[in-house]
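Comments concern the structure below.
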Amino acid sequence: MNSAQIQFSDRKSKIDLYQLQELLNIAAFWAQGRSIEDLRTAIANSDPVITLWDREKLIGFARATSDGIYRATIWDVVIHPDYRGNKLGSKLVETVLSHPRISRVERVYLMTTHQQQFYEKIGFQQNTTTTMVLQNQSHLGSLTPGEIQLQETSNYYSA
Ligand SMILES: CC(C)(COP(=O)(O)OP(=O)(O)OC[C@H]1O[C@@H](n2cnc3c(N)ncnc32)[C@H](O)[C@@H]1OP(=O)(O)O)[C@@H](O)C(=O)NCCC(=O)NCCS
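Quick note on the UniProt record's numbering: the sequence shown kicks off at 1 and runs consecutively.
Printed below as a string of structure tokens:
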């Protein structure tokens with residue numbers, strides 16, 4: 001690996017979605033077979049999205065969602081297998097953490113199945129107390145979308 005040609009980017013427009021799809025298929029067991037359209041949606045709704053490049057080759061990816069102040073979550077951290085063990089993964093996560101959308105946030109969460117030790121070296125702590133999950137809420141049958149009326153924001157505050 002020639003580290004002089006490795007670059008980090010936070011430009012979403014630079015991301016080649018086909019390379020991202022391939023990287024996730026190679027290296028992220030939880031993100032197999034994601035469609036280009038769904039990846040486009042995930043990137044559009046994430047900030048920051050950090051990519052890592054060896055010239056024109058995508059070799060790393062991480063993204064976060066955040067309210068900018070209270071809570072943020074980091075998702076889809078991955079380094080191409082050929083580039084692991086060079087501190088790129090930790091630099092990738094630190095780049096997400098130092099981004100203005102995340103750096104002021106009170107608590108940053110992430111979910112990991114196997115990489116606890118990697119994240120502990122960055123400063124994360126194990127946290128077994130706060131996690132629940134709702135799998136694909138379209139399977140919930142109790143309420144149909146039309147049953148809940150959201151008020152317009154202007155009406156809500158004019159009461
Ligand atoms: C996890 C991953 C991003 C790490 O990337 P990397 O570039 O190899 O990690 P780094 O070289 O920055 O490692 C930083 C430190 O963490 C340690 N580390 C990395 N992976 C580790 C692991 N699985 N278990 C224990 N320690 C680990 C390294 O030894 C290094 O320690 P050091 O600072 O004492 O030398 C990479 O292995 C990967 O993409 N894995 C597959 C996808 C994945 O599981 N992502 C996390 C999803 S939550």
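Just so it is clear, CB atoms sit at the ideal spot from N, CA and C, and this is done for glycine as well. Here the structure is a predicted model, which is why all the values come from computation and not from measurement.
query: CB of Leu58 within 9 Å of CB of Leu23, strictly; result: yes
query: Gln149 classed as buried or exposed, judged by whether at least 16 other C-beta atoms fall within 10 angstroms; result: exposed
query: Met111 beta carbon near ligand 1 (any heavy atom closer than 8 Å); result: yes
query: Per-residue DSSP class, three states only, for Asp67; result: coil
query: Element boundaries [alpha helix (DSSP H), containing Leu23]; result: Leu17 to Ala27
query: Neighbour-count burial assignment, Gly60, 16 or more Cβ in a 10 Å radius; result: buried
query: Three-state secondary structure assigned by DSSP to Gly60; result: strand
query: Check: Gly85 C-beta below 8 Å from any heavy atom of ligand 1; result: yes
query: Three-state class that DSSP yields for Gln7 in the structure shown; result: strand
query: Whole alpha helix (DSSP H) elements within the region 102-142, 4-residue minimum; result: 116-122
query: Same chain, Cβ closer than 7 Å to Leu20, five either side skipped, listed in chain order; result: Leu39, Leu58 and Phe61
query: C-alpha distance - Ile26 paired with Val78, whole-angstrom precision; result: 10 Å
query: N-terminal and C-terminal residue of the alpha helix (DSSP H) that residue 160 is part of; result: With the chain running from 1 to 159 in the structure shown, residue 160 is simply not present.
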